[in-house]
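**Q**
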Amino acid sequence: MADNPLPSVHGRVCYHPCESSCNRAAVDSAVSIHAVERFLGDRAHEEGWTLPIVAPASSKRVLVVGAGPSGLSAAYHLIRLGHEVEIHEAGSLPGGMMQFGIPAYRLPRDHLLKEIRAIEAMGVRIILNHKVEDVLAEQASGGFDAVFLAIGAQIGKRIDIPAEDASRLLTAVSLLRGAASGEAPKLGRRVVVYGAGNTAMDAARSAKRLGAEEALVVFVSDRAHMEARAFEAEEAVEEGVKIKWLTRINALEGADLTVERMALDAEGRPQPTGEFETLPADAVVLALGQQVERALLDNIPGATFQPDGAVVVDRNMMTGHAGIFAGGDMAPGARTVTAAVGHGKTAARRIDAWLRAHPAPEAQTPPVVSFDMLHLPVYSDAARSVQTELPLAERRTGFAEVQAGLGENDARYEAKRCLSCGACFECDQCYAACPEQAIEKLGPGLRYRFLYDRCTGCAVCFETCPVHAIEMIPEPERG
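Every number in our numbering is 1066 more than the matching position in the sequence shown, counting from 1.
#1: How would you label H1143, buried or exposed, when you count the other beta carbons within 10 angstroms and need 16 or more for buried?
#2: For the segment 1385-1403 against the segment 1368-1376, are there 3 or more C-beta pairs whose distance is under 8 Å?
#3: Rounding to the nearest angstrom, what Cα-Cα distance links C1487 and F1437 in this structure?
#4: On the three-state DSSP scale, how would you describe L1352?
#5: Take the Cβ of A1281 as the centre, count every other Cβ of all protein chains shown within 10 Å, and call the residue buried at 16 or more, exposed below.
#6: Is the number of C-beta pairs between the segment 1483-1500 and the segment 1523-1532 that are closer than 8 Å three or more?
#7: Considering just the uninterrupted stretch of the alpha helix (DSSP H) at F1214, what are its terminal residues?
#8: Is the beta carbon of V1102 less than 7 Å from the beta carbon of E1480?
#9: What does the Cβ neighbour count give for V1120, buried or exposed, with the cut at 16 atoms within 10 Å?
#10: Who are V1526's beta bridge partners in DSSP?
#11: Classify P1073: buried if its beta carbon has 16 or more other beta carbons within 10 angstroms, exposed otherwise.
#12: Compare the C-alpha of L1235 against each of R1462, V1350, G1473 and R1275 and name the closest.
#13: Between P1251 and the rest of its own chain, which residues show a CB-CB distance below 8 Å, the 5 nearest in sequence each way excluded?
#14: Could you give the first and the last residue of the continuous beta strand (DSSP E) run that contains K1223?
#15: Could you tell me whether the segment 1261-1272 touches the segment 1283-1300, using the rule of 3 or more Cβ pairs below 8 Å?
#16: Measuring CA to CA, which of A1504, L1456 and M1292 is closest to G1523?
#17: Measure the alpha-carbon distance for T1324 versus V1259 and round it to whole angstroms.
#18: May I ask which residues mark the beginning and end of the beta strand (DSSP E) holding L1345?
#19: Might you give, ordered along the chain, the residues of its own chain that have their beta carbon closer than 7 Å to the beta carbon of S1158, omitting 5 neighbours on each side?
#20: Looking at C-alpha atoms only, which residue of R1327, L1117, F1342 and G1114 is the closest neighbour of S1287?
#21: Which one of F1105, E1112 and L1147 has the shortest CA to CA distance from P1118?
#22: Please report the straight-line C-alpha distance between G1340 and T1313, rounded to a whole angstrom.
#23: Would you list, in sequence order, the uninterrupted alpha helix (DSSP H) runs of no fewer than 4 residues that lie entirely inside the segment 1115-1144?
#24: According to DSSP, what are the bridge partners of D1322?
#25: Within the continuous alpha helix (DSSP H) that includes V1102, where are the two ends?
#26: What did DSSP end up calling T1404 once you bin it into helix, strand or coil?
#27: Would you report the Cα separation of R1520 and P1510, rounded to the nearest angstrom?
#28: When burial is assigned at 16 or more other CB atoms within 10 Å of the CB, is I1217 buried or exposed?
#29: Give me the Cα-Cα distance between E1204 and G1261, rounded to the nearest whole angstrom.
#30: If P1228 and A1317 are in contact, beta carbons under 8 Å, what's the gap, nearest whole angstrom?
#31: Can you give me the start and stop residues for the beta strand (DSSP E) that K1507 sits inside?
#32: If you drop the 5 nearest sequence neighbours on each side, which residues of the same chain put their C-beta closer than 8 Å to that of E1305?
#33: To the nearest angstrom, how far is the alpha carbon of V1213 from that of G1162?
#34: Have a look at G1254 and Q1337 and give me their C-alpha separation to the nearest angstrom.
#35: With 16 other CB atoms within 10 Å as the buried threshold, where does S1207 fall?
#36: Provide the residue span of the beta strand (DSSP E) that contains R1515, from first to last.
Structure follows, in structure tokens:
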């Protein structure tokens, strides 16, 4: 919680790249960090665990525009740093794309709202149905010392597709927003989704749940160039979604969709073949990415955009206008909940430094401990805990959460599988092995003291430490 205010959310929607680097995979399989995080987040709600204590008040006020993952994260960290924080949100509910873009079968809304309410309980004020039109005027009227813009990228990209009935063309953003708000558009029996990212898979799976008999994902390239995570595509196919590779939409005429077959050139880029076919389609959903609503920054002197539409920010996440910061999906970087929450944390620390006229703190990254640096004779194989899933028939007919979390026994078991790479867990191996009695135990949770006047540098402690929590460095020369 010192870094992430949304563990219950992250334990559901994060793509957990940390597990790809987990050293446990070299023994049997990676620790299910994702599932453990979800368990802890849910347990916090069940038992009413309190959030970290707020720092003393600073008398500074910060306006956050947007109550999505980045805005909520920034507000959480700013309030902990002692500042007064107010979020202005255009929507009727907080959460941004977590509320209106991620399907409920991946993120039940009650878990999202519980974590948001916990942030509010710390003192963050969220004002809903309040669209900010003029940032500088809003800042002046509210007496805010700094502003963090986190409105996301909520405008679905479109392409020029000839269509007799434009109402049959819609974006994935509008489809997912409608499904989340209870105002889903009428799609018909056959739905074609254009694109192959995670949002495309969500749109296709949602279309099936909304009653479409057939949901077909059409992608201009091949599977190797698909942007969606492999497991997202696999779950979509399990639920009956079909994927048509190397296909480009040409026109939507009546009940038919004309598409062109593509072929990869020598450099792996899709090229037209001149071969066309017709597909039946009652609706076409464009899942080609999102872009930032630029109007909000038009009247901010110094604010500029990159060619891809992202707002230009410096290393302190400040725009070209002093005191106006930006992050999340509207700034450069990966457009995921995890990246957005990280932006919010970084921005909060940069804003705090700017408000206090202090140098911005540098991120402290611990050294990476690879598998070959470990000494693991005391470990044995322990298979990874498996999370159960909703039966396939039930997945296709509603928005109930697909994946169940771990129970307490499984969560404890999974946590124990962690090898504690680089972090001492007081196994006493070094204490028992030292021939000079140069290591002193300080008590549970306090680890050890090394008595260097007794140490001969024999490195026995280093060689017996199973997790590489001890480093050997040259002794300073004595004058």
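For each residue, glycine too, the CB sits at the ideal point set by N, CA and C.
Note that the coordinates shown come from a computational prediction; the quantities given were computed from them, not determined experimentally.
**A** So, to answer that:
#1: The sequence position of residue 1143 within the sequence shown is 77, counting from 1. With 16 or more other Cβ atoms within 10 Å, it is buried.
#2: A contact exists between the segment 1385-1403 and the segment 1368-1376.
#3: The residue you call residue 1487 lines up with position 421 of the sequence shown. The residue you call residue 1437 lines up with position 371 of the sequence shown. Distance from the CA of C1487 to the CA of F1437, rounded to the nearest whole angstrom, comes to 8 Å.
#4: For this step, residue 1352 is matched to residue 286 along the sequence shown. In this structure, DSSP gives L1352 an extended state, which the three-state scheme calls strand.
#5: In the sequence shown, residue 1281 corresponds to position 215, counting from 1. Looking at its Cβ environment, which holds 16 or more other Cβ atoms inside 10 Å, A1281 is buried.
#6: Under the three-pair Cβ rule at 8 Å, the segment 1483-1500 counts as touching the segment 1523-1532.
#7: By one-based count along the sequence shown, residue 1214 stands at place 148. Residue range A1212 to L1215 is occupied by the beta strand (DSSP E) that includes F1214, with no alpha helix (DSSP H) assigned at that position.
#8: For this step, residue 1102 is matched to residue 36 along the sequence shown. For this step, residue 1480 is matched to residue 414 along the sequence shown. Yes, they are a contact pair.
#9: In the sequence shown, residue 1120 corresponds to position 54, counting from 1. With fewer than 16 Cβ atoms within 10 Å of its Cβ, V1120 is classed as exposed.
#10: Within the sequence shown, residue 1526 is the residue found at index 460, counting from 1. BP columns for V1526 are empty, so no partner.
#11: In the sequence shown, residue 1073 corresponds to position 7, counting from 1. When all chains shown are included, P1073 counts as buried.
#12: As a first step, residue 1235 must be located in the sequence shown, where it is residue number 169. Nearest of R1462, V1350, G1473 and R1275 to L1235, Cα basis: V1350.
#13: Taking the sequence shown and counting its residues from 1, the one referred to as residue 1251 is at position 185. Closer than 8 Å at Cβ, skipping near neighbours: L1236, S1240, L1241, G1244 and A1349.
#14: Sequence index remark: in the sequence shown, residue 1223 carries index 157 (1-based). Counting along the chain, no beta strand (DSSP E) covers K1223, and no H or E run does either.
#15: Verdict: yes, contact present.
#16: Residue mapping note: residue 1523 aligns to position 457 of the sequence shown, counting from 1. Looking at the Cα atoms, A1504 is the closest of the given residues.
#17: Translated into positions along the sequence shown, residue 1324 becomes position 258. Translated into positions along the sequence shown, residue 1259 becomes position 193. A direct Cα-to-Cα measurement between T1324 and V1259 gives close to 14 Å.
#18: As a working mapping, residue 1345 is identified with position 279 in the sequence shown. Residues P1336 to P1346.
#19: Translated into positions along the sequence shown, residue 1158 becomes position 92. These residues qualify, in order along the chain: L1194 and N1195.
#20: Position 221 of the sequence shown, counted from the start, is the residue given in the question as residue 1287. Cα-wise, what sits closest to S1287 is R1327.
#21: Reading the sequence shown from its first residue, position 52 is the one you call residue 1118. Of F1105, E1112 and L1147, the residue nearest in Cα terms is L1147.
#22: Here residue 1340 corresponds to residue number 274 of the sequence shown, with the count starting at 1. Here residue 1313 corresponds to residue number 247 of the sequence shown, with the count starting at 1. Here the C-alpha atom of G1340 lies approximately 11 Å from the C-alpha atom of T1313.
#23: Entirely contained in the segment 1115-1144, not one alpha helix (DSSP H) run reaches 4 residues.
#24: As a working mapping, residue 1322 is identified with position 256 in the sequence shown. Per DSSP, E1319 and P1346.
#25: On the sequence shown, position 36 is the one that residue 1102 refers to. V1102: member of the alpha helix (DSSP H) spanning I1099 to E1113, first to last residue.
#26: Residue numbering aside, residue 1404 sits at position 338 when the sequence shown is read from its first letter. In the structure shown, T1404 sits in a helix (DSSP, three-state: H, G or I).
#27: If you number the sequence shown from 1, residue 1520 lands on position 454. If you number the sequence shown from 1, residue 1510 lands on position 444. Each residue's Cα considered, the two are about 23 Å apart.
#28: Counted from its first residue, the sequence shown places residue 1217 at position 151. With 16 or more Cβ atoms within 10 Å of its Cβ, I1217 is classed as buried.
#29: Within the sequence shown, the letter at position 138 stands for residue 1204. Within the sequence shown, the letter at position 195 stands for residue 1261. Spanning the two alpha carbons is a distance of roughly 38 Å.
#30: Residue mapping note: residue 1228 aligns to position 162 of the sequence shown, counting from 1. Residue mapping note: residue 1317 aligns to position 251 of the sequence shown, counting from 1. Sure, about 4 Å apart at Cβ, within 8 Å.
#31: Within the sequence shown, the letter at position 441 stands for residue 1507. First-last of the beta strand (DSSP E) with K1507: I1505 to K1507.
#32: By one-based count along the sequence shown, residue 1305 stands at place 239. Taken in chain order, the residues that qualify are R1271, K1274, L1458, R1461 and R1462.
#33: Here the question's residue 1213 lines up with position 147 in the sequence shown. Here the question's residue 1162 lines up with position 96 in the sequence shown. One C-alpha to the other measures close to 18 Å.
#34: Against the sequence shown, residue 1254 aligns to sequence position 188. Against the sequence shown, residue 1337 aligns to sequence position 271. Answer to the nearest angstrom: the Cα atoms are 31 Å apart.
#35: Along the sequence shown, one-based indexing puts residue 1207 at 141. The residue in question, S1207, is exposed, as its Cβ has fewer than 16 Cβ neighbours within 10 Å.
#36: Position 449 of the sequence shown holds residue 1515. Note, R1515: beta strand (DSSP E), Y1514 to F1516.
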